[in-house]
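In case it helps, the numbering used here puts the sequence shown at residues 1 to 335.
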Amino acid sequence: MDILTQGIIGAALAQACAKPQHSRTAALVGFGAGLLPDADALIHSTSDPLLQLEYHRHFSHSLAFIPFGAALAALLLWPLLRRYMPLGALYRYALLGYATGGLLDACTSYGTHLFWPFSQQPVAWSVIAIVDPVFTLALLIPLLIGIRQSRPLRQGLVLAFAYVLFGFVQHHRAEIVAYEIAAERGHAPERLLVKPTIANLVLWRALYTVDDSVWVDAIRLDDRQRVYPGAATKLFDPSSDLPWAPTNSRADNDARRFTAFAQGLAIRHPTRPNFIGDIRYAMLPNSIAPLWGIELQPSAPGQPARYLTNRSLAPAVRDQFLTMLLGRDLKNEKQ
């Protein structure tokens, strides 16, 4: 999730398990340890833009790495906090804070290497958005009260856990609707994914694959479910869709790496043929214009791909999103 929430949940868990005299310091330790897994964002290479993508939410987020990550957090914080608690207590609170990182990120749709090194398959339960203020505030408000009163408060963790459970319920409901949409089209999905849109558990993005195509729709879940149909597009196949790139060339390898990162759900951008995007993410839940991807250069197959994002929130896009979130009629259903 977002970096602030990562720190807050680490602080909340450490504080909830702390002795009263350690309440404030434990929250500080948990906050710092909760941030540390995302230090993998510092792994990058100017000559290899895809390296950061491949190592984000990688080994630093795995369950097996938790004891080592907590030890690193404790060693970094020990010079600052040695006067306030023994090293054993500091490590214990760091362990609690660090342990939240991978598990929380696995609740989102990005993909987390939770079981590295035993499995290279990313885990993505897709039950909560990467940014969700409701979840964050459910943790933050009790945490601040507990820090002010110097006593552990567990209500925030209970509320946050209940919110995640509600996300699982909504995920199941969205899956049912998505399968119904596919059946109405006469499709038997080979693969189907649903994920919540930003900052809510009401509006969901659904996509499924049939043959070599992927279909995208938006689903609003309330007492009466509503579907905002999207469109279909061909999946990108690096083996056949880059005739200009020699096998094992830099362009060929980068295209294969990005397709693997996108878990096989890479497509060509609808208006930019050299832009290969991750169809799992878009500014609108029923759009086939990817939020991020790589741009290849047919004239220079030996050059590394450029990693690009498209997070521009134009007024028209914002209005369409809010219209779907509120369950209203779109002025133009076509994407």
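Here a beta-carbon is modelled for each residue, glycine too, at the ideal position from N, C-alpha and C.
DSSP three-state call for Glu-190: helix, strand or coil? One-based indexing of the sequence shown puts residue 190 at position 190. Of the three classes helix, strand and coil, the one that applies to Glu-190 here is coil, per DSSP.
Straight-line CA distance for Thr-108 to Ile-130? As a position in the sequence shown, residue 108 is number 108, starting the count at 1. As a position in the sequence shown, residue 130 is number 130, starting the count at 1. Spanning the two alpha carbons is a distance of roughly 6 Å.
When you compare only the Cα positions, how much space is there between Asp-241 and Pro-273? By 1-based counting over the sequence shown, the position of residue 241 is 241. By 1-based counting over the sequence shown, the position of residue 273 is 273. About 10 Å.
Pick helix, strand or coil for Ser-287, following the three-state DSSP scheme. Here the question's residue 287 lines up with position 287 in the sequence shown. Here Ser-287 sits in coil by DSSP.
For Leu-296, which of Gln-149, Asp-254, Pro-315 has the nearest alpha-carbon? Position 296 of the sequence shown, counted from the start, is the residue given in the question as residue 296. Taking only the C-alpha atoms, the option nearest Leu-296 is Asp-254.
Assign Leu-80 to one of two classes, buried (16 or more other C-beta atoms within 10 Å of its C-beta) or exposed (fewer than that). For the purposes of this step, residue 80 is identified with residue 80 of the sequence shown, where counting begins at 1. So Leu-80 counts as exposed.
Rounded to the nearest angstrom, what separates Pro-229 and Leu-203 at their Cα positions? Numbered from its first residue, the sequence shown carries residue 229 at position 229. Numbered from its first residue, the sequence shown carries residue 203 at position 203. Those two C-alpha atoms are separated by around 13 Å.
Since Gly-101 contacts His-58 with CB under 8 Å, what's their CB separation in whole angstroms? Reading the sequence shown from its first residue, position 101 is the one you call residue 101. Reading the sequence shown from its first residue, position 58 is the one you call residue 58. That belief does not hold up - the Cβ atoms of Gly-101 and His-58 are roughly 12 Å apart, past 8 Å.
Cβ-Cβ separation, Leu-143 to Ile-43 (assumed contact under 8 Å), whole Å: Numbered from its first residue, the sequence shown carries residue 43 at position 43. Numbered from its first residue, the sequence shown carries residue 143 at position 143. Ile-43 to Leu-143, Cβ: 30 Å. No contact.
Can Tyr-163 and Ala-182 be called in contact, C-beta distance under 8 Å? Here the question's residue 163 lines up with position 163 in the sequence shown. Here the question's residue 182 lines up with position 182 in the sequence shown. Their beta carbons are not under 8 Å apart, which means Tyr-163 does not touch Ala-182 by this criterion.
Could you check which residue in Ser-126, Gly-34, Ala-16 has the C-alpha nearest to that of Leu-207? Position 207 of the sequence shown, counting from 1, holds the residue named residue 207. Of the residues Ser-126, Gly-34, Ala-16, the one whose Cα lies closest to the Cα of Leu-207 is Ser-126.
My assumption, with CB atoms under 8 Å, is that Leu-63 sits in contact with Leu-114. Please give the rounded CB distance. Along the sequence shown, read from residue 1 onward, the residue named residue 63 stands at position 63. Along the sequence shown, read from residue 1 onward, the residue named residue 114 stands at position 114. Between Leu-114 and Leu-63 the Cβ distance is about 6 Å, and since that is below 8 Å, they are a contact.
My parser needs the beta strand (DSSP E) runs of 3 or more residues fully inside the stretch 243-329; what are they? 266-268, 275-278, 292-295, 306-309
Smallest Cα separation from Thr-197: which of Glu-190, Phe-275, Val-29, Pro-285? Looking up residue 197 in the sequence shown gives position 197. Residue Pro-285 holds the alpha-carbon nearest to the alpha-carbon of Thr-197 among Glu-190, Phe-275, Val-29, Pro-285.
N- and C-terminal bounds of the alpha helix (DSSP H) containing Tyr-163: Locating residue 163 in the sequence shown gives position 163, where the first residue counts as 1. Counting along the chain, the alpha helix (DSSP H) containing Tyr-163 begins and ends at 155-184.
Under the rule that 16 or more other beta-carbon atoms within 10 Å means buried, what is Val-29, buried or exposed? As a working note, residue 29 is residue 29 in the sequence shown. Val-29 comes out buried.
By a C-beta neighbour count over all protein chains shown, 10 Å radius and 16 as the cutoff for buried, is Gln-320 buried or exposed? Sequence index remark: in the sequence shown, residue 320 carries index 320 (1-based). That one is buried.
With a threshold of 8 Å, are at least 3 pairs of Cβ atoms found where one atom belongs to the stretch 275-290 and the other to the stretch 205-219? yes
Count the other CB atoms, across all protein chains shown, that sit within 10 Å of the CB of Thr-46; report buried if there are 16 or more and exposed otherwise. Taking the sequence shown and counting its residues from 1, one reaches residue 46 at position 46. Label assigned to Thr-46: exposed.
Beta-carbon proximity list for Ala-33, same chain, < 7 Å, skipping 5 on both sides: Sequence index remark: in the sequence shown, residue 33 carries index 33 (1-based). Closer than 7 Å at Cβ, skipping near neighbours: Gly-10, Ala-70, Ala-73, Ala-94, Gly-97, Tyr-98.
Given a threshold of 16 other Cβ atoms within 10 Å of its Cβ, counted over all protein chains shown, does Leu-13 qualify as buried or as exposed? For this step, residue 13 is matched to residue 13 along the sequence shown. By the neighbour-count rule (16 or more Cβ atoms within 10 Å), Leu-13 is buried.
Roughly how many angstroms separate the alpha carbons of Gln-155 and Arg-148, rounded to a whole number? Position 155 of the sequence shown holds residue 155. Position 148 of the sequence shown holds residue 148. Using only the alpha carbons, I get a separation of about 15 Å.
Should Pro-189 be labelled buried (16 or more other beta-carbon atoms within 10 Å of its own) or exposed? Mapped onto the sequence shown, residue 189 falls at position 189. It is buried - the Cβ of Pro-189 has at least 16 other Cβ atoms within 10 Å.
Quick check: the stretch 160-174 against the stretch 300-315, are at least 3 beta-carbon pairs closer than 8 Å? Below 8 Å, too few C-beta pairs join the stretch 300-315 and the stretch 160-174 to call them touching: fewer than three.
If you drop the 5 nearest sequence neighbours on each side, which residues of the same chain put their C-beta closer than 6 Å to that of Arg-226? Taking the sequence shown and counting its residues from 1, one reaches residue 226 at position 226. Cβ within range, chain order: Arg-220, Gly-327.
Do Pro-243 and Arg-256 have their CB atoms nearer than 8 Å? The sequence position of residue 243 within the sequence shown is 243, counting from 1. The sequence position of residue 256 within the sequence shown is 256, counting from 1. For the 8 Å CB-CB criterion, Pro-243 and Arg-256 do not form a contact.
Beta carbon of Asp-212 nearer than 8 Å to that of Leu-235: Reading the sequence shown from its first residue, position 212 is the one you call residue 212. Reading the sequence shown from its first residue, position 235 is the one you call residue 235. Yes; because the gap between Cβ atoms is below 8 Å, this pair is in contact.
Helix, strand or coil at Asp-217 according to DSSP, with G and I counted as helix: The count along the sequence shown starts at 1 and reaches residue 217 at position 217. Under the three-state reduction of DSSP output, Asp-217 falls in the strand class.
Which residues mark the beginning and the end of the alpha helix (DSSP H) in which Arg-92 is found? What you label residue 92 is simply residue 92 of the sequence shown in a count that begins at 1. Unbroken alpha helix (DSSP H) run through Arg-92: 87-106.
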